[in-house]
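Report on the structure given below.
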């Protein structure tokens, strides 16, 4: 098996080499030199940055000068190199953040080592018991209560944001007269611009005291109302993206349906929505992503006690989510406690990664099924 | 067509805008780097700053000359912040002695403790000159500036440990905040106590009105460890107790566990935890069955401090009572710390700039103005003497 692809690789490497050779031969040597100097100094600056060297500014300056000169003389080539470099910078930034979060969380994973069938697995203790107490003995860092909280809040938020958002998007894209659309769309986008602490503040000063009295709760922190507030915050994202997806369905398809005698509503449900399904699900998943990552509103509205509600689905408790745990604890945590907060970050990162991959997968599948339509 | 051309004009103007803003940004960057260069040059000639001055001086416009001493920076606990920040504001104002309200005396009024000072110099000039700095003689232009940032006790201790700031404000002992031994503390830090904070226990107004005006230490322990869950068990109305704690591991949390529950890592069973005093205050006002503890400075309407009986002594929230929660004997009182770092440049731990600033808090004027006036507890005379011993000799 391993022998067959090798000639392919070799051939493709050779092809690539010849192509590079041709490219080098065709290009003005001065332009080539400028690009090499510029990219080389950027790389050197990056290495300097990683080593925290005081000389980092020198290669960075060389990069700026070389790029500036190249931009004036050989714009097309330099632009190619610079845009490529900027994309790399984005990816490298992501990579560095991921490495940092994982590296910082290692002590917590080591602390919470548990053994299954005689094999000790680092970090398993975070998911097999439910005690979080960073101060008094026994000190344990279970993430289960926070995962439960995040799941509760996200589920409720999705139940709020998905139907409301898709319905609103359908209305704006298909039903509303143009004038209404022009008014409503900016309105929704303004909703997206309200900072989350404002929602949280309203929740803390108005909803929590009210809920405490209305439902005879001790305190007033509930996953129910945090979920609703977060759902409202995710709503504009869902509406905007879903509306874009619905509008991008070609008129030809709808016209065909109408020509066959279907009503507006029938074309919407049987043509527009299925055709835009991938975009609409991407909208909902983006909304879910927003809900998972929402921090301020959850932090100020929740009680801040890592505990699992009883029974599990009781929404009239509001303890803690992964994000609010970090927001509440970062100031006073140190040692393994701090590292456990990074572990919460790792869990969040992995979740959002899965969501993102999931949405890509749905999109790819829908594209395959509908063939040719994006 | 006209609409299209309109759009095009739009994009052109946006591109122009981006270009312009980029140019402005670049100019700003250039300005910044120029400034910080000057600043770090200047601090080389100063008296042993810890190398944090580069970032400080970049944004500092208060200093008149670049060769002056660098800004004293402090960071940390929200509990120590009112003291530290008020001191810093007074310092930076450098009010003249004729002001009467903030410094010095005139026909109408004089500041507290003025009879021990009696100087013609401005406020910062006076305290700085005690440690050998040149007075500037101008208001709003102290010999060196001070700046206080607000975060948490742990963050403040970490910042002073890592040399990010000169002074780390902390409401809990640094040994607990950084998890270090007392030997490590004595080796690396100097602990300046500038005042005391009582942590009164507050209850919602409704509970106070229903007759819970005092609790024993034992009862409070029961409430915070989940053994007592209904107000009727301690002589109150038949309603559940809403127990409010503080952020896990914070300075306030640690000292409450230590002083009230007997151990810095004693277990607790509370219904809610909040990071900020203001949040506790708000929640106690919003609920009619809550109990919480917070810094004295945050007492207000809708909540009531209650008396606590420890080992037969009743400490009352009333300042005129025999034993009050302001006494240093009250077990929930804690020292408010300003830590400085011992390093190669300052083997004593406190350089002249820091000493000049800290000394201001250790006078009768400082205690009255910066400690008592923001509702904290002043240090007794003997403690002030002991604290002054920790500072380097005056010039």
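Chains as they are written, first to last, in this note's numbering: chain A, 5 to 378; chain B, 19 to 413. C-beta atoms are modelled at their ideal positions from N, C-alpha and C, and glycine is treated no differently.
For residue 79 of chain A, the enclosing alpha helix (DSSP H) begins and ends at 79-115.
A buried status is given to residue 175 of chain B, since no fewer than 16 other beta-carbon atoms sit within 10 Å of its beta-carbon.
If the five residues before and after residue 205 of chain A are omitted, its C-beta is found closer than 8 Å to the C-beta atoms of 304, all from its own chain and listed in chain order.
Buried is the label assigned to residue 67 of chain A, since at least 16 other Cβ atoms lie within 10 Å of its Cβ. In the three-state DSSP reduction, residue 305 of chain B falls in the coil class, being neither helix nor strand. Three or more beta-carbon pairs drawn from the stretch 366-383 of chain B and the stretch 144-160 of chain B are found closer than 8 Å, and the two stretches are therefore classed as touching. Membership of residue 152 of chain A in the alpha helix (DSSP H) is indicated by the continuous run 148-174.
Sequence-distant partners of residue 295 of chain B (beyond 5 residues in either direction) whose C-beta falls short of 6 Å from its own C-beta, in its chain, are 312, 313, 316. Collapsing the DSSP output to three states places residue 298 of chain A in coil.
The beta carbon of residue 286 of chain B falls within 8 Å of a beta carbon belonging to chain A, placing the residue at that interface. For residue 284 of chain A, the closest C-alpha among the options A:38, A:30, A:44, A:172 is that of A:172. Taking a Cβ-Cβ cut-off of 7 Å, residue 118 of chain B has no neighbours in chain A, whose nearest Cβ is about 40 Å from it. Assignment of beta-bridge partners to residue 292 of chain B by DSSP yields B:264. If you draw a straight line from the Cα of residue 106 of chain B to the Cα of residue 345 of chain B, it is about 27 Å long. Residue 351 of chain B sits buried, since 16 or more C-beta atoms from the chains shown fall within 10 Å of its C-beta. DSSP lists B:214 as the bridge partner or partners of residue 353 of chain B.
Cβ-Cβ distances below 7 Å link residue 322 of chain B to 220, 221, 223, 226 in the same chain, with the five nearest sequence neighbours on each side left out; the list follows chain order. Residue 109 of chain B and residue 160 of chain B have their alpha carbons spaced roughly 7 Å apart.
When only Cα atoms are considered, residue 354 of chain B and residue 401 of chain B end up about 13 Å apart.
Under the Cβ criterion of 8 Å, residue 180 of chain B is not counted among the residues facing chain A. Annotation: Cβ neighbours of residue 289 of chain B in chain A (cutoff 8 Å, chain order): 222, 223, 307, 309. Residue 121 of chain A is classed as exposed because its beta carbon has fewer than 16 other beta carbons within 10 Å across all chains shown.
Non-local C-beta neighbours of residue 156 of chain A in its own chain, meaning closer than 6 Å and more than five positions away in sequence, comprise 227, ordered along the chain.
Annotation for residue 233 of chain B: the continuous beta strand (DSSP E) segment containing it runs 232-234.
Residue 190 of chain A has a beta carbon lying at 8 Å or more from every beta carbon in chain B.
By the beta-carbon neighbour count (other beta carbons within 10 angstroms, threshold 16), residue 100 of chain A is exposed. Membership of residue 232 of chain A in the alpha helix (DSSP H) is indicated by the continuous run 227-251. Between residue 323 of chain A and residue 153 of chain A, the CB-CB gap stays under 8 Å.
Closest by C-alpha distance to residue 140 of chain B, out of B:205, B:128, B:103, B:156, is B:156. For residue 76 of chain A, no CB of chain B lies under 8 Å from its own CB, so it is not counted at the interface with that chain. Within chain A, 139, 140, 141 have C-beta atoms less than 7 Å from the C-beta of residue 283 of chain B, given in sequence order.
C-alpha of residue 81 of chain A to C-alpha of residue 43 of chain A: approximately 12 Å in a straight line. Between residue 143 of chain B and residue 153 of chain B, the C-beta spacing is below 8 Å. Taking a Cβ-Cβ cut-off of 8 Å, the neighbours of residue 268 of chain B in chain A comprise 335, 336, given in sequence order. For residue 305 of chain B, the residues of chain A that pass the 8 Å Cβ criterion are 213, 216, 223, 224, in the order they occur in the chain. If you draw a 10 Å sphere on the C-beta of residue 88 of chain A, you find fewer than 16 other C-beta atoms in it, and that means exposed.
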